[in-house]
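Right, one structure below, let's go through it.
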Amino acid sequence: MTTVPAADPLSAVPRVRVPAWAWAVAVLSLMLMYVVLQENGAVFAQTAEVIHEFTHDGRHALGVPCH
Ligand SMILES: [Zn+2]
1 MTTVPAADPL SAVPRVRVPA WAWAVAVLSL MLMYVVLQEN GAVFAQTAEV
51 IHEFTHDGRH ALGVPCH
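Take a look at the structure:
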């Protein structure tokens with residue numbers, strides 16, 4: 001009995017080169033999402049209340065608990 005080697009599952013997936021600017025946009029987007037959704041003074045202690053109030057309605061619209 002012979003065994004057939006399993007095909008490499010990744011060989012069927014075409015490789016896509018992601019440009020550096022797309023990675024930069026992704027990182028900046030994650031940082032912006034943190035500021036809008038989670039920042040409560042851990043990073044921006046001086047302006048935490050301003051940021052919180054500025055994004056307050058957006059937080060509630062997205063279902064993020066804030067108080
Ligand atoms: Zn709130």
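FYI, the UniProt record's numbering numbers position 20 of the sequence shown as 20, with every residue one higher than the one before it. Note that beta-carbon positions come from the ideal geometry of N, C-alpha and C, so glycine has one too. Note that the coordinates shown come from a computational prediction; the quantities given were computed from them, not determined experimentally.
For Val18 and Leu37, I'd like the C-alpha separation in whole angstroms.
For the purposes of this step, residue 18 is taken as the residue at position 18 of the sequence shown. For the purposes of this step, residue 37 is taken as the residue at position 37 of the sequence shown. Looking at the two C-alpha atoms, the distance is approximately 27 angstroms.
Would you report the Cα separation of Asn40 and Asp57, rounded to the nearest angstrom?
Here residue 40 corresponds to residue number 40 of the sequence shown, with the count starting at 1. Here residue 57 corresponds to residue number 57 of the sequence shown, with the count starting at 1. Approximately 15 angstroms, taken between the alpha carbons.
What did DSSP end up calling Ala45 once you bin it into helix, strand or coil?
Here the question's residue 45 lines up with position 45 in the sequence shown. Coil.
For Arg15, does the three-state DSSP call read helix, strand or coil?
The residue labelled residue 15 in the question sits at position 15 within the sequence shown. DSSP places Arg15 in coil when its eight states are reduced to three.
Anticipated Cβ contact below 8 angstroms, Val35 with Ile51, distance rounded:
Taking the first residue of the sequence shown as position 1, residue 35 is located at position 35. Taking the first residue of the sequence shown as position 1, residue 51 is located at position 51. So it is a contact: roughly 6 angstroms between Cβ atoms.
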